[in-house]
Amino acid sequence: MKTSIATVSISGDLPEKLNAIAKAGFSGVEIFENDLLIHDASPADVRRMVSDHGLEISLFQPFRDFEGMPEPYRSRCFDRAERKFDIMEQLGTDLMLVCSNVSPVSLGGIDRAAADFRELGERAAKRGLRIGYEALAWGRHINDHRDAWEIVRRADHPNIGLILDSFHTLSRKIDPESIRSIPGDKIFFVQLADAPQIDMDLLYWSRHFRNMPGEGDLPLVPFMAAIAATGYDGPLSLEIFNDQFRSGSARLIAEDGHRSLLNLMDDVRRAAPDLKVTTDEVPPRIAVEAVEFVEFAASLEDADDLVALLTTLGFVKAGQHKNRKVDLYQQGEIRIVINNDPDSIASSSYSVHGVNVYAFGLRVADARRAVERALAMGAEVFSEPRRPGEAAVPAVTASGGEIIYFIDGSDALGEIWSKEFDLASTSTTGAGLTRIDHLAQTTRYDEMLSLLLFYTAIFDVSRSGMVDVADPGGLVRSQAIHAADGRFRVTINGAESRKTFAGHFLTEGFGAGVQHIAFQTGDIFATATALKTCGLEPLPISQNYYDDLEARFGLMPDFVDRLRDLSILYDRDHDGEYFQLYSRTFGEGFFFEIIERRNGYNGYGAANAIFRIAAQRRLSRPVGLPSG
Ligand SMILES: O=C(O)c1ccc(O)c(O)c1
Ligand SMILES: [Mg+2]
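Residue numbers 1 to 628, in the UniProt record's numbering, belong to the letters of the sequence shown in order.
Written out as structure tokens, the structure reads:
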């Protein structure tokens, strides 16, 4: 598979863009004319710079407002095209994109346009160049790839072909199956972009909100399957107009782009196994059976504070690592590992971020294949020097920076706890917490899509809708990924402003990370009562919340009294109910949550987040959180 990306998709100047594109593993690049014009070097210099990076120029674009022009515009268009051909010769690329005309003076008519393209094909052929025609979704006369194909067909010239762009086809809800009847060798180039489903003007949507395949809501897989069915074997090129990407990290966006193409083609291969898709076969997405453990990096003193909090949550020390300063705390199936080994990655993580969840472990059927999947999707292997008696636990680095370990039932990993830890024989029933419900990651808003793509490309999970949480200091966007059976859930919270509670955590903790961990209980009232005995001081929730709750859901007053007495929050969807209880915060805004899900409730209590945040702010104001 030849991969390519348009220079418009990436931030920076041309050298920065090319550098990021090459490092991310693309084979080609579409040169956007503006990126060439604003760069202070000749096209021949750009050609050298591109090839020095080991890249090819896959396309030069866009050439606008060409077909169907009346004279004198028509002649001028051909003169203009010849000038662009000069540039292409210097650039060393043979393919130019012509997008459908938007000019008010242009005339319609399939045959008129076909005749123009035939003449352009003749001129291009004299120079050994080719022209691809793309229907813009907002083209004046041509805005549908089926019409563009009819023009190309009637132009009937070997140097004239069609360019398909997923955005233009799918934004107009044109059935991608219509692509199947186009001969593959007449498709000269394929551009890919996804987009969130928003009802808005097509041009505005396209120029500002495109994103990487898999990051949005458009049906890219059937689109690509239809293209593959034609026998098209040319480059797959990302053309992403996105304000956020253009101001983001060139490296990150380029890496995400490359990952999105690998992920898309893997999906296409699975959706249409009969097609010849030229990508390597990789293991399927990883099905996570459980979060096996969560590991904190902490200093000795900080570890004491963390342990004190865990004790009020009913955890007991269940073991100690045989040759590291690493302790295991347990309750039900929940394992919390606290690492204060001075000579370890944990210790370097602590020195940057303070106490933080620097790693977590996932139980899977086959740890080695899990890592293979992650690597095939562009993740990086993680390994730390082992000490005698320690198993090599397969691991990768997540795009947020955490380490993700994979544990399976194999000989080496199946009994890792009993082999590497001196286990105590205490009961771990505690206050009735059973398992980890979800990990909540906080990240900068502009890196949310990157994290979401990481999880959805590697794990067998789906995305839930985006919800907005109104923090008094600004908006926090939240989106979750979850396995179909609910055994693996991660919420991703994107903070736009440093003034939010989440933003404060990011700033003070020097980067993205797990801000809270939610534990499940099967009986929230029994657990909340038991936690009182353990000494937990829950996050106090305002009286007004409970008054409103009663009215909002029509709850019985004595039921609301029980919630109020135990500081439990409540939510409901369809048949399901959700109960939440929060610890107070630790460090720069880390906290624990205890939840009970009843009757298949599948959310995270988004409606309650604002009350939780307000309560956290009230408590943390003395230590300097801006009061919004
Ligand atoms: O927004 C545009 O004008 C534009 C230009 C060239 C393209 O290939 C495209 O998809 C859109
Ligand atoms: Mg395009």
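Ideal Cβ positions, reconstructed from N, Cα and C, are used throughout, including at glycine.
- Membership of A41 in any alpha helix (DSSP H) is not indicated, and neither H nor E is assigned to it by DSSP.
- A contact between stretches requires three or more CB pairs, one per stretch, nearer than 8 Å, and the segment 342 to 349 fails this requirement with the segment 498 to 508.
- By the Cβ criterion, the segment 294 to 303 is not in contact with the segment 246 to 257, since fewer than three pairs of Cβ atoms, one from each stretch, lie closer than 8 Å.
- Counting only runs of at least 4 residues, the segment 196 to 248 fully encloses the following alpha helix (DSSP H) elements, listed from N- to C-terminal order: 202 to 209, 220 to 229, 243 to 247.
- Counting C-beta pairs closer than 8 Å gives fewer than three between the segment 263 to 272 and the segment 308 to 315, which falls short of the contact rule.
- In chain order, the residues with a C-beta atom nearer than 6 Å to some heavy atom of ligand 2 are E134, D165, Q191, E239.
- A check of alpha carbon separations from D571 across G494, D561, L549 identifies L549 as the nearest.
- Scanning its chain for C-beta atoms nearer than 7 Å, with the 5 sequence neighbours on each side dropped, one finds around R369 the residues P283, in chain order.
- Of the candidates D94, D116, A609, the residue whose Cα lies closest to the Cα of Y73 is D116.
- Contact between the segment 14 to 21 and the segment 195 to 212 is not established, with fewer than three Cβ pairs separated by less than 8 Å.
- Relative to the non-hydrogen atoms of ligand 1, the Cβ of H168 comes within a distance shorter than 8 Å of at least one.
- Partner residues in the beta bridge of Q331, as assigned by DSSP, are I334.
- Placement of the Cβ of S181 at a distance of 8 Å or more from every heavy atom of ligand 1 is found.
- Ranked by how close their Cα comes to the Cα of A480, the residues M466, A229, A614 have M466 in first place.
- Judged by DSSP in its simplified three-state form, A359 adopts strand.
- Straight through space, the alpha carbons of A113 and D201 are spaced by roughly 26 Å.
- One thing to note: V8 has its Cβ within 9 Å of the Cβ of F241.
- Measuring C-alpha to C-alpha distances from I336 to each of K2, N356, N323 identifies N356 as the nearest.
- Every beta strand (DSSP E) of 3 residues or more that sits fully in the UniProt domain "VOC" (435 to 584) is shown, in chain order, as 467 to 471, 474 to 482, 489 to 495, 513 to 521, 569 to 573, 576 to 582.
- Boundaries of the alpha helix (DSSP H) around H258: 250 to 271.
- With contact defined as three or more Cβ pairs closer than 8 Å, the segment 439 to 448 and the segment 317 to 337 are not in contact.
- By the Cβ criterion, the segment 472 to 490 is not in contact with the segment 528 to 538, since fewer than three pairs of Cβ atoms, one from each stretch, lie closer than 8 Å.
- Within 10 angstroms of the beta-carbon of H141 lie 16 or more other beta-carbons, which makes it buried.
- In the DSSP assignment, H353 falls outside any beta strand (DSSP E) and within the unbroken alpha helix (DSSP H) covering 345 to 353.
- Using a C-beta cut-off of 8 Å, the segment 378 to 386 makes no contact with the segment 420 to 432, since fewer than three inter-stretch Cβ pairs fall below that distance.
- Annotated three-state conformation of G108 is coil, per DSSP.
- One Cα belongs to E333, the other to Q520, and the distance between them is close to 10 Å.
- Residue range 591 to 598 is occupied by the beta strand (DSSP E) that includes I594.
- Counted as a single uninterrupted DSSP element, the stretch harbouring Y133 is not any alpha helix (DSSP H) but the beta strand (DSSP E) occupying residues 130 to 134.
- Sixteen is the threshold: since fewer than 16 other Cβ atoms of the shown chains lie within 10 Å of the Cβ of F559, the residue is exposed.
- Nearest to D79 by alpha-carbon distance, out of G511, E119, E134, is E119.
- Pairing I403 with D165, the inter-Cα distance amounts to about 37 Å.
- Take D35, set aside five residues on each side of it, and the residues of its chain with a beta-carbon closer than 8 Å to its own are T7, V8, L14, K17, in chain order.
- At least one heavy atom of ligand 1 is found less than 8 Å from the C-beta of F241.
- Every beta strand (DSSP E) of 3 residues or more that sits fully in the segment 8 to 79 is shown, in chain order, as 28 to 32, 56 to 63.
- In this structure, the straight-line span from the alpha carbon of I286 to that of Y358 is close to 21 Å.
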